[in-house]
Amino acid sequence: MKKLFISFLIILLSQFSSGQVSGNVNYQNQYSEQKTININFPSQDGIMITVKGLANVKADSYTAIFSLTQIGKTTKEVNELINQRISQSLTEIKLKKDVVTFVDMISFVPVYEYEVEKKVFSRKTYNEVPIGFELKKNIHIKYSDPNQLNDFISILSNHEIYDLVRVDYVSNTLESIKKEMMNKAKLLIQEKTKNYEVILGETFTNAEKRITDDFIVNLPVEMYKSYEAYNNSYLNLKKTANVNQSNKSTTLYYQPVFNKEFDFIINPTILEPVIQVQYEIKIFINREKKQIPKTDKQFILITPNGDLKNLVVDTAKQKL
Numbered sequence: 006m007k008k009l010f011i012s013f014l015i016i017l018l019s020q021f022s023s024g025q026v027s028g029n030v031n032y033q034n035q036y037s038e039q040k041t042i043n044i045n046f047p048s049q050d051g052i053m054i055t056v057k058g059l060a061n062v063k064a065d066s067y068t069a070i071f072s073l074t075q076i077g078k079t080t081k082e083v084n085e086l087i088n089q090r091i092s093q094s095l096t097e098i099k100l101k102k103d104v105v106t107f108v109d110m111i112s113f114v115p116v117y118e119y120e121v122e123k124k125v126f127s128r129k130t131y132n133e134v135p136i137g138f139e140l141k142k143n144i145h146i147k148y149s150d151p152n153q154l155n156d157f158i159s160i161l162s163n164h165e166i167y168d169l170v171r172v173d174y175v176s177n178t179l180e181s182i183k184k185e186m187m188n189k190a191k192l193l194i195q196e197k198t199k200n201y202e203v204i205l206g207e208t209f210t211n212a213e214k215r216i217t218d219d220f221i222v223n224l225p226v227e228m229y230k231s232y233e234a235y236n237n238s239y240l241n242l243k244k245t246a247n248v249n250q251s252n253k254s255t256t257l258y259y260q261p262v263f264n265k266e267f268d269f270i271i272n273p274t275i276l277e278p279v280i281q282v283q284y285e286i287k288i289f290i291n292r293e294k295k296q297i298p299k300t301d302k303q304f305i306l307i308t309p310n311g312d313l314k315n316l317v318v319d320t321a322k323q324k325l
């Protein structure tokens with residue numbers, strides 16, 4: 006009985022741990038990518054050879070953009086208030102190592118509200134009247150240490166600046182990475198071409214070829230997804246019953262491009278969000294046999310003495 010209980014416990018724990026590795030994202034079936042190979046048969050006249058590569062590039066620097074809004078009764082008041090918040094924040098931020106800042110003007114507009122005009126024998130009239138001004142600015146912060154972002158958030162929040170618009174990732178090595186990917190793809194496509202030649206017992210040296218290639222760069226800001234992790238309650242209620250739904254927490258997570266469909270990968274292991282560069286090259290090889298042009302007919306005249314003579318005949322005139 007004890008052995009049976011231990012066996013049951015091991016099975017239960019193994020099922021539980023596999024569920025934990027899967028993650029809560031699978032509650033909503035986020036991963037629906039195709040899991041089987043599906044290739045199209047090459048056309049009768051040609052072969053398409055494809056090589057795809059992926060590079061995970063760590064950023065060299067980052068730019069965080071924070072937005073702030075200030076409202077005041079006069080233009081002077083609104084400018085003084087927002088400049089005070091910005092200058093105090095930037096004074097502390099600039100004490101950090103390798104930090105560059107920039108303030109971007111966004112908008113400066115009047116703010117209106119409705120004033121009710123009451124009349125004795127008619128309906129109320131609502132008139133828009135100016136009550137002040139609204140000024141919006143963005144603070145751009147460039148930094149190289151990703152851990153500094155927490156410090157910036159702490160400093161800015163002390164001055165009522167909470168809106169982190171986005172974080173841009175910048176790499177100075179993208180050009181060299183692209184060249185490396187092209188070189189790797191060139192070697193692989195040559196290897197694939199030789200392999201096809203061996204399999205088919207042919208040579209593609211003199212065959213007609215067409216080639217195309219392209220890059221795609223995916224930034225981390227484009228690669229975030231969301232889901233709601235919860236388990237619904239099922240009750241057998243009447244249609245007239247009032248049900249109050251609770252607000253579900255939405256989770257955001259970084260979802261990089263999967264590395265399972267590529268012929269080569271540069272820096273396959275990633276921990277933090279990275280810039281992902283995809284490269285694909287395609288070569289079409291035309292295997293259609295070239296038709297040998299037909300030559301003009303040759304006429305031979307046999308003389309009475311038995312000699313053979315070649316006759317030159319103008320076939321163009323014969324067609325006419």
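So for the sequence shown, our numbering puts the first residue at 6; every next one is plus one.
Beta carbons are placed, not taken as given, at the ideal position from N, Cα and C, and that holds for glycine.
These numbers come from a predicted model, not from an experiment.
Rounded to the nearest whole angstrom, the C-alpha separation of F157 and N249 is 39 Å.
Restricting attention to G58, D50, K197, K214, the CA atom closest to the CA of Q283 is found in G58. About 6 Å separates the Cβ atoms of D50 and R292, confirming a contact at the 8 Å cut-off. If you look at I280, you'll find it in the beta strand (DSSP E) that goes 280 to 291. Relative to the Cα of L95, the nearest Cα in the group K63, E285, T68, V108 belongs to V108. With a minimum length of 3 residues, the unbroken runs of beta strand (DSSP E) contained wholly in the segment 161 to 235 fall at 168 to 175, 213 to 223, 229 to 233.
With respect to the 8 Å criterion, Q75 and V62 are not classified as neighbours on the basis of their beta carbons.
With 16 or more other CB atoms across the displayed protein chains lying within 10 angstroms of its CB, Y174 is buried. For E133, the enclosing beta strand (DSSP E) begins and ends at 130 to 148.
Within the DSSP bridge table, the entry for Q75 names L140 as partners. The segment 249 to 262 and the segment 208 to 215 do not touch, with fewer than three beta-carbon pairs separated by less than 8 Å. If the five residues before and after T55 are omitted, its C-beta is found closer than 6 Å to the C-beta atoms of K287, all from its own chain and listed in chain order. When DSSP states are grouped into helix, strand and coil, I98 belongs to the helix group. Of the other Cβ atoms in all chains shown, fewer than 16 fall within 10 Å of the Cβ of Y229; this residue is therefore exposed. Per DSSP, reduced to three states, the secondary structure at E82 is helical.
By alpha-carbon distance to Y148, the top candidate from D168, N315, V104 is V104. The C-beta separation of S72 from V170 comes to about 5 Å, placing the pair in contact by the 8 Å criterion. Its Cα nearest to that of A60, the residue P273 stands out among P273, I111, L193.
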